[in-house]
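Reviewing the structure listed below.
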Amino acid sequence: MTIRSAIVLAAGEGVRLRPLTRHRPKPMLPAGTKPILEHVFDHLIDAGISELTVVVGYGRTTVQSHFGPSYRGVPIAYVTQEKQLGSAHALAAAASRIEEPVLVVNGDQLVDRSIIADTIDRHESSGGATLGVIADAAVADYGGVITDTDGSVTEIVENPTDDRSYWLNAGVYALNPRAIEIMTGIDSTAGEYSLVDGLSALIETETTVAAVTTDGMWIDATFPWDLLTVAETLLETGAVACERAPSARIHDAATVVDPVVVAPDCVIGPGAVVGPNVCLGENVTVGANATVEHSVIDSDTRIGTAATVIDCVAGRGVAVGPGSTVVGGPGDVHVGETIHRNEKLGALIADRATDRGGVTYRPGTIVGSEVSIRAGARVGGSIDAEAEVQ
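In the numbering used here, the protein residues as written are -13 to 376.
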């Protein structure tokens, strides 16, 4: 039986991406100029999925208002995970809707059509569960999969640290109803119910769990600077096309250096230089003689006259004043209690933060939402939401 339905897990916040996730969940952050979740939907539909069930939780109204009851003609049903207690708990919220084999994917990671299609195709000849796996050096940061010679999964390890040969778990699962029943009936670990624990429980029942190896694109944005890498990868691979929307106004004296995406209703002023590796969301203005390089600038943001913005992630409704400078990375970035050294981030400027011009952002600066920065200030480190920097 061909799998035609998918459950998309999109209930999490993405705490390591704060302050961008203060007003919206991680799946709604920009990958290029559209939400991560929109890319996920596109790849599912392109692989033949014709029904979508989305598990929402944190920021669920943001997801539902953006997509509504359907996307590209495919109906969407929403299920709410009231408390975010892990991926298996999220799947359990949708379990009552499952009557036939179904695909389960994460709504906050980019996986291309080939990984999805390969997993579906392999599952038609396998047992209770099939997962897509890839060869990736980042396996220690995610989940590792051990297989035997026939491709059956023998062990799944979260954040493996030993020197065995692991495949990376791409977070794409084809599951039969009985497998879901077992996976969602597990006990919690430290108060959470994870799909990895559920799959381990499935293996213990001697149910066939197959792995399909694929070389499709897989990208995750764990930290703010990863959004720059996501955009660059999408542009370089052609997954996002370099384009200028017809309604964008680009002055004849401006310079646009591809790869660049310019969304509808953007304005690029005379003498401005935009690119390479820049994504401008809807209704962004880049002022005269400003420079923007290697940056993701979300909708309704203004880059002032003669400002310089390099290696920057800017949220919605940000105002970078005239003559202000984001000098670019690398820099030391504070995320929670951890300092990440020498990351390629000039600054993260969250939604509706404003500077009055002539501001210098030290590499690695994190500016919270609705922060106000006085003219001529030098800022660095992490600035809490709604602060006024004098």
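Glycine included, each C-beta is placed from N, C-alpha and C at the ideal position. Just so it is clear, the structure is predicted and the values come from calculations on it, not from any experiment.
task = Return the CA-CA distance between A274 and D238, expressed in angstroms with no decimal places.
result = Along the sequence shown, read from residue 1 onward, the residue named residue 274 stands at position 288. Along the sequence shown, read from residue 1 onward, the residue named residue 238 stands at position 252. If I take the Cα positions, the gap works out to 12 Å.
request  = Give the DSSP-derived three-state secondary structure of D136 in the structure shown.
outcome  = Position 150 of the sequence shown, counting from 1, holds the residue named residue 136. Three-state DSSP puts D136 in coil, outside helix and strand.
query = With DSSP run on the structure shown, which of helix, strand or coil describes H320?
reply = What you label residue 320 is simply residue 334 of the sequence shown in a count that begins at 1. In the structure shown, H320 sits in a strand (DSSP, three-state: E or B).
task = Out of G267, T294, D284, A249, state which residue places its alpha-carbon closest to the alpha-carbon of V259.
result = Position 273 of the sequence shown, counted from the start, is the residue given in the question as residue 259. Nearest of G267, T294, D284, A249 to V259, Cα basis: T294.
inquiry  = Short of 8 Å in beta carbon distance, which residues of its chain neighbour D244, apart from the five on each side in sequence? Order them along the chain.
reply    = For the purposes of this step, residue 244 is taken as residue 258 along the sequence shown, with counting starting at 1. So the qualifying residues of the chain are C228, G261, P262.
query = What's the C-alpha gap between A371 and I35?
reply = One-based indexing of the sequence shown puts residue 371 at position 385. One-based indexing of the sequence shown puts residue 35 at position 49. Straight-line Cα distance between these residues: approximately 40 Å.
ask   = Based on the DSSP output, what are the partners of L161 in its beta bridges?
value = To locate residue 161, count along the sequence shown from 1; it is residue 175. For L161, which the question treats as bridged, DSSP gives the partners V88, A115.
request  = Hey, could you find the ends of the beta strand (DSSP E) T39 is sitting in?
outcome  = By 1-based counting over the sequence shown, the position of residue 39 is 53. 37 to 42 is the extent of the beta strand (DSSP E) around T39.
task = Excluding the 5 residues preceding and the 5 following V304 in the sequence, name in chain order all residues of the same chain whose CB lies nearer than 6 Å to its CB.
result = Position 318 of the sequence shown holds residue 304. Around V304: T287, I335, A339.
task = With a cut-off of 8 Å on the beta carbons, I'd call A17 and L331 a contact; round off their distance for me.
result = Counting from one through the sequence shown, the residue named residue 17 turns up at place 31. Counting from one through the sequence shown, the residue named residue 331 turns up at place 345. Not confirmed; about 17 Å, so no contact.
inquiry  = Applying the 10 Å Cβ sphere with the 16-neighbour rule, what's the burial state of G350?
reply    = In the sequence shown, counting from the first residue as 1, residue 350 sits at position 364. When all chains shown are included, G350 counts as buried.
query = What's the gap between the Cα of D337 and the Cα of R4?
reply = Looking up residue 337 in the sequence shown gives position 351. Looking up residue 4 in the sequence shown gives position 18. Each residue's Cα considered, the two are about 11 Å apart.
key: Proximity of T33 and P13 at Cβ, strictly below 9 Å   = Along the sequence shown, read from residue 1 onward, the residue named residue 33 stands at position 47. Along the sequence shown, read from residue 1 onward, the residue named residue 13 stands at position 27. The amino acid occupying residue 33 in the given sequence is Ala; Thr does not appear at that position. No, the Cβ-Cβ distance between A33 and P13 is not below 9 Å.
query = Between the stretch 125 to 139 and the stretch 186 to 198, do at least 3 Cβ pairs fall closer than 8 Å?
reply = yes
message = Is it buried or exposed, I101, if we count other Cβ atoms within 10 angstroms and call 16 or more buried?
response = Locating residue 101 in the sequence shown gives position 115, counting from the first residue. I101 should be labelled buried.
query = In whole angstroms, what is the alpha-carbon distance linking C265 and S51?
reply = Reading the sequence shown from its first residue, position 279 is the one you call residue 265. Reading the sequence shown from its first residue, position 65 is the one you call residue 51. Taking the straight line joining both Cα atoms gives about 23 Å.
ask   = If you draw a straight line from the C-alpha of I106 to the C-alpha of V312, how long is it?
value = The residue labelled residue 106 in the question sits at position 120 within the sequence shown. The residue labelled residue 312 in the question sits at position 326 within the sequence shown. Each residue's alpha carbon lies about 45 Å from the other.
ask   = DSSP puts A197 in a beta bridge; with which residues?
value = Residue mapping note: residue 197 aligns to position 211 of the sequence shown, counting from 1. DSSP, once it has assigned bridges, lists L117 as partnering A197.
message = Quick check: the Cα distance between A74 and M169, rounded to an integer number of angstroms?
response = Numbered from 1 along the sequence shown, position 88 holds the residue referred to as residue 74. Numbered from 1 along the sequence shown, position 183 holds the residue referred to as residue 169. A74 and M169: Cα-Cα distance of roughly 7 Å.
request  = Take the Cβ of N155 as the centre, count every other Cβ of all protein chains shown within 10 Å, and call the residue buried at 16 or more, exposed below.
outcome  = Within the sequence shown, numbered from 1, the residue matching residue 155 stands at position 169. Classification for N155: buried.
query = Can you check whether the CB of Q67 is closer than 9 Å to the CB of A81?
reply = The residue you call residue 81 lines up with position 95 of the sequence shown. The residue you call residue 67 lines up with position 81 of the sequence shown. Taking 9 Å as the Cβ cut-off, A81 and Q67 do not qualify as a contacting pair.
Residues that Y57 bridges to, as DSSP identifies them = Numbered from 1 along the sequence shown, position 71 holds the residue referred to as residue 57. Bridge partners of Y57: V60.
query = In this structure, what does DSSP give as the bridge partners for R364?
reply = Residue numbering aside, residue 364 sits at position 378 when the sequence shown is read from its first letter. DSSP output for R364 lists T346 as bridge partner(s).
inquiry  = Under 8 Å, with one C-beta from each stretch per pair, do the stretch 170 to 178 and the stretch 201 to 214 reach the 3-pair mark?
reply    = no
query = For R302, which of T291, V321, N269 has the nearest alpha-carbon?
reply = The residue you call residue 302 lines up with position 316 of the sequence shown. Of the listed residues, the one whose Cα sits closest to R302 is N269.
ask   = Terminal residues of the continuous alpha helix (DSSP H) containing I172?
value = On the sequence shown, residue 172 is found 186 positions in, with the first residue counted as 1. That residue, I172, is in no alpha helix (DSSP H); it is neither H nor E in DSSP.
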